[in-house]
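> From first to last, the protein sequence lines stand for chains A and B.
Position 146 of the first sequence, counting from 1, maps to 146 under my numbering, and the rest follow consecutively.
Going from the second sequence to my numbering is simple: count from 1 and add 230.
Can you keep this structure in mind? I'll have questions shortly.
There are 2 protein chains.
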Amino acid sequence: MRIAELSRRTGVPVPTIKYYLREGLLPAGELTSPNQARYDEAHLHRLRLVRALAEVGGLSIAAVREVLGALDDPEKSLHKAMGTVEVAVSSPVAVAEDAVAHAQAREFVERQGWTYRPRSDAFQSLVGVLATARELGHERFVGQLDGYARACGPLAEQDLDYVLGAPTKDAALEVVVVGTVLGDAALAAVRRLARREASGRREDAERGSAAGEGDREAAGGAAEGDADCR
Amino acid sequence: MRIAELSRRTGVPVPTIKYYLREGLLPAGELTSPNQARYDEAHLHRLRLVRALAEVGGLSIAAVREVLGALDDPEKSLHKAMGTVEVAVSSPVAVAEDAVAHAQAREFVERQGWTYRPRSDAFQSLVGVLATARELGHERFVGQLDGYARACGPLAEQDLDYVLGAPTKDAALEVVVVGTVLGDAALAAVRRLARREASGRREDAERGSAAGEGDREAAGGAAEGDADCR
Chain A
1 MRIAELSRRT GVPVPTIKYY LREGLLPAGE LTSPNQARYD EAHLHRLRLV RALAEVGGLS
61 IAAVREVLGA LDDPEKSLHK AMGTVEVAVS SPVAVAEDAV AHAQAREFVE RQGWTYRPRS
121 DAFQSLVGVL ATARELGHER FVGQLDGYAR ACGPLAEQDL DYVLGAPTKD AALEVVVVGT
181 VLGDAALAAV RRLARREASG RREDAERGSA AGEGDREAAG GAAEGDADCR
Chain B
231 MRIAELSRRT GVPVPTIKYY LREGLLPAGE LTSPNQARYD EAHLHRLRLV RALAEVGGLS
291 IAAVREVLGA LDDPEKSLHK AMGTVEVAVS SPVAVAEDAV AHAQAREFVE RQGWTYRPRS
351 DAFQSLVGVL ATARELGHER FVGQLDGYAR ACGPLAEQDL DYVLGAPTKD AALEVVVVGT
411 VLGDAALAAV RRLARREASG RREDAERGSA AGEGDREAAG GAAEGDADCR
């Protein structure tokens, strides 16, 4: 197919496809003439993957490149792919060394019975968040962590089951990549939906009356600004 | 204090502070001469807040502006602030209408006993993620949602408790803002730590032997690529 059809079938504008081609995220098509290339189903799938990572997952182009590298890696190690994706999806947090935040993060990790890995991106990211909370005077924030851990334990098992349920090794690699990125995006959306519900329920409870659907809709409507009017 | 001290105490480079000033995220200091301004503790706190939102939270400048607007809003409505923050932290997902994905999202929401709000950002975001999963051939993905909902119910209650635990109304507004943005960042970090642990445990189980800390460290080390070597 030509680039116009690639664009039509994926919803990605032609200039964006050309950008991805220039950045090497998408392999070149087969040149049928000096100015025209043809693309096949593999290009289609790769383009959809790039779109999923960049637009739905919000990854930078550099991060997308890292992740695609893991997929194309002949070694095809699941653990390596998981590691690459994890690093790619996390935004680096420049952390000024905050000893108290570091200690809080360490105590938290050890309280869960987890291994203390101070040089890992995830641990450093957590220290950065705790340091930021402290610097803003939010001393209570650290108390939120145990609840997060309680939620994340089952989620981690679920994520692994999903990855390991893939039919082939090649499929598993892509499942790791897509599952992680889309999983994070889905979790964020579900989290917002759950918060909206909880917030609406508390509003109803405060009102004290048997609030009908109309009231809940109005209360819920206020919670997302103009969003419902789009 | 002068801008150099503001920079030193927050870790934000002077050019970045000047950028925030130009963008109106930070109010101008008090001019003491045509080329010099003085800043006070309020500026310091505001700058830390901007840094938390933009650098730790990863919000765009436009989103930071929206969120600060909610904080400065004389009406000081908690629900309005929550709504503004929620919209600001979510990346808009351009959704080509996918009826199957929409139906999947609706069934999911109704299965939880939640209100179906098809025009809300959160719902549309979920539809977009499901549509992307389907388009990539990941038919199993929708099965992950119920587990996410189970985790997010308690998290939503916890988030609300945190917000409502603030001492004053002004403090509550900032807690909504910071709690949401930092909370998401902390949850993402904890999620990665939990996944790392779960992955390591399964590796140990596969090995079958009584894997010691050394083995787990090695197994865990592979899961984050070069991260541990930084």
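Heads up, the beta-carbon is just placed ideally off N, CA and C, and yes, glycines get one too.
#1: In terms of DSSP beta bridges, what is Leu231 of chain A paired with?
#2: Is the beta carbon of Leu289 of chain B closer than 8 Å to that of Val420 of chain B?
#3: Take the Cβ of Thr10 of chain A as the centre, count every other Cβ of all protein chains shown within 10 Å, and call the residue buried at 16 or more, exposed below.
#4: Report the residues of the region 428-439 of chain B with a CB closer than 9 Å to any CB of chain A, ordered along the chain.
#5: Return no unless some Cβ of chain A is closer than 8 Å to the Cβ of Leu236 of chain B.
#6: Could you check the C-alpha separation between Ala402 of chain B and Leu308 of chain B for me, to the nearest Å?
#7: Could you run through the region 286-308 of chain B and flag, in chain order, every residue whose CB is less than 7 Å away from some CB of chain A?
#8: Val372 of chain B: which of A:Ser7, A:Pro34, A:Gly179, A:Glu86 sits nearest, CA to CA?
#9: Using a cut-off of 8 Å between C-beta atoms, extract the partners of Pro384 of chain B located in chain A.
#10: Would DSSP call Pro245 of chain B helix, strand or coil?
#11: Anyone know if the C-beta pair for Val87 of chain A and Ala185 of chain A falls short of 8 Å?
#12: For His138 of chain A, which three-state DSSP category applies?
#13: Please list, in chain order, the residues of the region 157-169 of chain A that have any C-beta partner in chain B closer than 7 Å.
#14: Applying the criterion that 16 or more other CB atoms from any shown protein chain within 10 Å of the CB defines a buried residue, is Gln36 of chain A buried or exposed?
#15: Does the contact criterion of 3 or more C-beta pairs under 8 Å hold for the region 355-366 of chain B versus the region 381-393 of chain B?
#16: Quick one: measure Cβ to Cβ for Val89 of chain A and Ala70 of chain A, integer angstroms, because I've assumed they're closer than 8 Å.
#17: Over what stretch of residues does the alpha helix (DSSP H) that includes Asp400 of chain B continue unbroken?
#18: Does the beta carbon of Ala222 of chain A come closer than 8 Å to any beta carbon on chain B?
#19: Just to confirm, is the Cβ distance from Ala81 of chain A to Val176 of chain A under 8 Å?
#20: With 8 Å set as the bound, which would you pick, yes or no: does the beta-carbon of Met231 of chain B sit closer than that to a beta-carbon of chain A?
#21: Thinking Leu417 of chain B and Ala122 of chain A are a contact (beta carbons under 8 Å), I'd like their distance in whole angstroms, please.
#22: Do we get a CB-CB distance below 8 Å when we pair Ala186 of chain A with the residues of chain B?
#23: Is DSSP giving Met312 of chain B helix, strand or coil here?
#24: Just by C-beta distance, which residues in the region 363-376 of chain B are closer than 7 Å to chain A?
#25: Count the other CB atoms within 10 Å of the CB of Tyr116 of chain A; is the residue buried (16 or more) or exposed (fewer)?
#26: Consult DSSP for Glu337 of chain B and reduce its assignment to one of helix, strand or coil.
#27: Just the chain B side, please: which residues come within less than 7 Å of Val129 of chain A by C-beta, in chain order?
#28: Expressed to the nearest angstrom, what Euclidean distance is found between the alpha-carbon atoms of Ala103 of chain A and Asp204 of chain A?
#29: Using beta carbons (cut-off 8 Å, strictly below), is Arg196 of chain A in contact with chain B?
#30: Considering just the uninterrupted stretch of the alpha helix (DSSP H) at Ser307 of chain B, what are its terminal residues?
#31: Using a Cβ cut-off of 8 Å (strictly closer), state whether Ala282 of chain B contacts chain A.
#32: Confirm, please, whether the CB-CB distance from Leu274 of chain B to Leu298 of chain B is below 8 Å.
#33: Any beta carbon of chain B sitting closer than 8 Å to that of Ser33 of chain A?
#34: Which first and last residues belong to the alpha helix (DSSP H) in which Ala70 of chain A is found?
#35: Taking the alpha carbon of Asp72 of chain A as the reference point, which residue from A:Glu174, A:Arg150, A:Glu206 has its own alpha carbon closest?
#36: For a cutoff of 8 Å on Cβ pairs, would you count Arg48 of chain A as touching chain B?
Taking the structure as given:
#1: Lying before the first or after the last residue shown, residue 231 of chain A is absent from chain A, which here runs from 1 to 230.
#2: Position 190 of the second sequence, counted from the start, is the residue given in the question as residue 420 of chain B. Position 59 of the second sequence, counted from the start, is the residue given in the question as residue 289 of chain B. Taking 8 Å as the Cβ cut-off, Val420 of chain B and Leu289 of chain B do not qualify as a contacting pair.
#3: If you number the first sequence from 1, residue 10 of chain A lands on position 10. Buried, by the Cβ-count rule.
#4: From the region 428-439 of chain B, only Ala428, Ser429, Gly430, Arg432, Glu433 have a Cβ closer than 9 Å to chain A.
#5: One-based indexing of the second sequence puts residue 236 of chain B at position 6. No, its Cβ sits nowhere closer than 8 Å to a Cβ of chain A.
#6: The residue you call residue 402 of chain B lines up with position 172 of the second sequence. The residue you call residue 308 of chain B lines up with position 78 of the second sequence. Cα to Cα, the separation comes out at about 7 Å.
#7: Val286, Gly288
#8: In the second sequence, the residue the question calls residue 372 of chain B occupies position 142. For the residues A:Ser7, A:Pro34, A:Gly179, A:Glu86, the minimum Cα distance to Val372 of chain B belongs to A:Gly179.
#9: Residue mapping note: residue 384 of chain B aligns to position 154 of the second sequence, counting from 1. Below the 8 Å Cβ cutoff, chain A contributes Gly147, Arg150, Ala151 as neighbours of Pro384 of chain B, in chain order.
#10: Within the second sequence, residue 245 of chain B is the residue found at index 15, counting from 1. Helix at Pro245 of chain B.
#11: For this step, residue 87 of chain A is matched to residue 87 along the first sequence. For this step, residue 185 of chain A is matched to residue 185 along the first sequence. No; because the gap between Cβ atoms is not below 8 Å, this pair is not in contact.
#12: The sequence position of residue 138 of chain A within the first sequence is 138, counting from 1. Here His138 of chain A sits in coil by DSSP.
#13: If the cut-off is 7 Å between Cβ atoms, the region 157-169 of chain A has Glu157, Gln158, Asp159, Leu160, Tyr162, Gly165 near chain B.
#14: Here residue 36 of chain A is taken as the residue at index 36 of the first sequence, counted from 1. By the neighbour-count rule (16 or more Cβ atoms within 10 Å), Gln36 of chain A is not buried but exposed.
#15: no
#16: As a first step, residue 89 of chain A must be located in the first sequence, where it is residue number 89. As a first step, residue 70 of chain A must be located in the first sequence, where it is residue number 70. So it is not a contact: roughly 12 Å between Cβ atoms.
#17: Start at 1 with the first residue of the second sequence, and residue 400 of chain B comes out as number 170. Here the alpha helix (DSSP H) through Asp400 of chain B covers 399-437.
#18: If you number the first sequence from 1, residue 222 of chain A lands on position 222. With a pLDDT of 43 at Ala222 of chain A, under the threshold of 50, the modelled position of that residue is not reliable, and the figure given next carries that caveat. Yes, contact with chain B.
#19: As a working note, residue 81 of chain A is residue 81 in the first sequence. As a working note, residue 176 of chain A is residue 176 in the first sequence. Yes.
#20: In the second sequence, residue 231 of chain B corresponds to position 1, counting from 1. Not one chain A Cβ lies under 8 Å of Met231 of chain B.
#21: Start at 1 with the first residue of the second sequence, and residue 417 of chain B comes out as number 187. Start at 1 with the first residue of the first sequence, and residue 122 of chain A comes out as number 122. Leu417 of chain B to Ala122 of chain A, Cβ: 12 Å. No contact.
#22: Position 186 of the first sequence, counted from the start, is the residue given in the question as residue 186 of chain A. Chain B contact via Cβ: present.
#23: Here residue 312 of chain B is taken as the residue at index 82 of the second sequence, counted from 1. Residue state, collapsed to three classes: helix.
#24: Against chain A - using a Cβ distance shorter than 7 Å - the residues of the region 363-376 of chain B are Ala363, Glu365, Leu366, His368, Arg370, Phe371, Gln374, Leu375.
#25: By one-based count along the first sequence, residue 116 of chain A stands at place 116. Answer is exposed; the Cβ neighbour count stays below 16.
#26: To locate residue 337 of chain B, count along the second sequence from 1; it is residue 107. Under the three-state reduction of DSSP output, Glu337 of chain B falls in the helix class.
#27: The sequence position of residue 129 of chain A within the first sequence is 129, counting from 1. Those are Val286, Leu412, Ala415, Ala416, Ala419, listed as they occur along chain B.
#28: Within the first sequence, the letter at position 103 stands for residue 103 of chain A. Within the first sequence, the letter at position 204 stands for residue 204 of chain A. Using only the alpha carbons, I get a separation of about 40 Å.
#29: Position 196 of the first sequence, counting from 1, holds the residue named residue 196 of chain A. So yes, Arg196 of chain A belongs to the interface.
#30: Your numbering for residue 307 of chain B matches position 77 in the second sequence. Where Ser307 of chain B is concerned, there is no enclosing alpha helix (DSSP H), given that its DSSP letter is neither H nor E.
#31: On the second sequence, residue 282 of chain B is found 52 positions in, with the first residue counted as 1. Interface residue, yes.
#32: Here the question's residue 298 of chain B lines up with position 68 in the second sequence. Here the question's residue 274 of chain B lines up with position 44 in the second sequence. Taking 8 Å as the Cβ cut-off, Leu298 of chain B and Leu274 of chain B do not qualify as a contacting pair.
#33: Here the question's residue 33 of chain A lines up with position 33 in the first sequence. Not an interface residue.
#34: Here the question's residue 70 of chain A lines up with position 70 in the first sequence. Per DSSP, Ala70 of chain A is one residue of the alpha helix (DSSP H) stretching across 61-72.
#35: The count along the first sequence starts at 1 and reaches residue 72 of chain A at position 72. Of the candidates A:Glu174, A:Arg150, A:Glu206, the one whose C-alpha sits nearest the C-alpha of Asp72 of chain A is A:Glu174.
#36: Along the first sequence, read from residue 1 onward, the residue named residue 48 of chain A stands at position 48. For Arg48 of chain A, the answer is yes, since a Cβ of chain B falls inside 8 Å of its Cβ.
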